[in-house]
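Student: Quick note: the sequence shown uses UniProt numbering, first residue 1, plus one each step. Cβ atoms here follow ideal geometry from the backbone N, Cα and C, with glycine treated the same way. Small disclaimer: the values here were computed from a predicted structure and weren't measured.
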Amino acid sequence: MSNNNVLLPKKQYKRRFEVTEIDKNDLEAVLDMGVASLKGHRAKYPETPDGLEQFKQTTYEYFEYVQNCNKEDDREHKLIPDIESWAVFLGITRMTLLTYEKTRNAEWQDFILRGKDLITAAKKQLIFRQKIPAVIGIFDLTNNSGYVNASEFKLKPETEKPERKVLAAEELPILGKDGKLHDRSEIEKLPKLKALPKDDNVTE
1 MSNNNVLLPK KQYKRRFEVT EIDKNDLEAV LDMGVASLKG HRAKYPETPD GLEQFKQTTY
61 EYFEYVQNCN KEDDREHKLI PDIESWAVFL GITRMTLLTY EKTRNAEWQD FILRGKDLIT
121 AAKKQLIFRQ KIPAVIGIFD LTNNSGYVNA SEFKLKPETE KPERKVLAAE ELPILGKDGK
181 LHDRSEIEKL PKLKALPKDD NVTE
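1) D110: beta carbon under 7 Å from a heavy atom of the ligand ZN?
2) So what does DSSP say about residue 207, is it helix, strand or coil?
3) Leaving aside the five residues before and after E72 along the sequence, list all residues of the same chain whose C-beta is less than 7 Å from its C-beta, in chain order.
4) In angstroms with no decimal places, state the Cα-to-Cα distance between G176 and H182.
5) In three-state DSSP terms, what is L97?
6) Is the CB-CB distance between T58 and L90 below 8 Å?
7) Are there 16 or more other CB atoms within 10 angstroms of the CB of Y13, so buried, or fewer, so exposed?
8) In the DSSP output, what is Y172 paired with across the bridge?
9) Could you tell me whether the segment 126–137 touches the segment 96–113, where touching means 3 or more Cβ pairs closer than 8 Å?
10) Three-state secondary structure (DSSP) at L181?
11) When the Cα atoms are used, what is the spatial distance from Y45 to K131?
12) Just to confirm, are S145 and K116 a CB contact at a threshold of 8 Å?
13) My output table needs one value for R59: the three-state DSSP class, helix, strand or coil.
14) With distance defined between alpha-carbon atoms, name the residue in I119, D50, Y100 and I92 nearest to E64.
15) Under a three-way DSSP split, which group does residue 284 fall into?
16) Relative to the C-alpha of N143, which candidate in D82, K180, E171 and Q54 has its C-alpha closest?
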């Protein structure tokens, strides 16, 4: 016998990701770096040996800055290396950095790819240790590191139907006495019947 006065316990739902309030330590390191970069003059790295050397030196300083921030005991939240923060430290945009990678010579491309690989390696360590949610990690690696999500699929257009050929009169098959269609070339190969000799006694 059921009792309508008994209250059922409320269902408990777990959020997929726990969202906490942002505190100053979350953004302090990257904003300090960004403000200093914005206050300075726009950086230029010409495609010259000196330009490449300056680009390399500033990149070394960026990774050293990230490393030093993460060594500070009083900093609760660490700074994760990233393509965007690398570009900010360089004083250029993300698109400019990607343009360097695609359009400049092999030495530039190799150095930028090694920088991106270092960023990817750091993020993968955090993903493996569950410091970055897997879904966010996959999204980031797919968009910034050239990885392909094996579960993704791509829509492809339907295969075009073959174009129908309109046959000319001389290409059309011929209906034989056997009731089957025959190619004209087959008909031409068949022995032809000779005409009967004309009988002079037959009157027309």
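Tutor: Here's the rundown:
1) The ligand ZN is not part of this structure, which contains no ligands at all.
2) Given a span of 1 to 204 for the chain in the structure shown, any question on residue 207 remains unanswerable.
3) Once the five neighbours on either side are set aside, E72 has no close Cβ partner at all.
4) Taking the straight line from one Cα to the other gives about 6 Å.
5) Here L97 sits in helix by DSSP.
6) Contact: yes.
7) Because the pLDDT of Y13 is 38, which lies under 50, any placement of that residue in the model is unreliable, and the question is left without a value.
8) It is worth fixing the name first, because residue 172 is Leu in this sequence and not Tyr. Per the DSSP secondary-structure output, L172 pairs with nothing in a beta bridge.
9) These segments do not touch.
10) L181 carries a strand assignment under DSSP once its states are collapsed to helix, strand and coil.
11) Looking at the two C-alpha atoms, the distance is approximately 35 Å.
12) Yes; because the gap between Cβ atoms is below 8 Å, this pair is in contact.
13) For the record, residue 59 in the displayed sequence is Thr; it is not Arg. Collapsing the DSSP output to three states places T59 in a helix.
14) Of the candidates I119, D50, Y100 and I92, the one whose C-alpha sits nearest the C-alpha of E64 is I119.
15) The chain is shown only over 1 to 204; residue 284 falls outside these bounds and no answer can be derived.
16) Cα-wise, what sits closest to N143 is D82.
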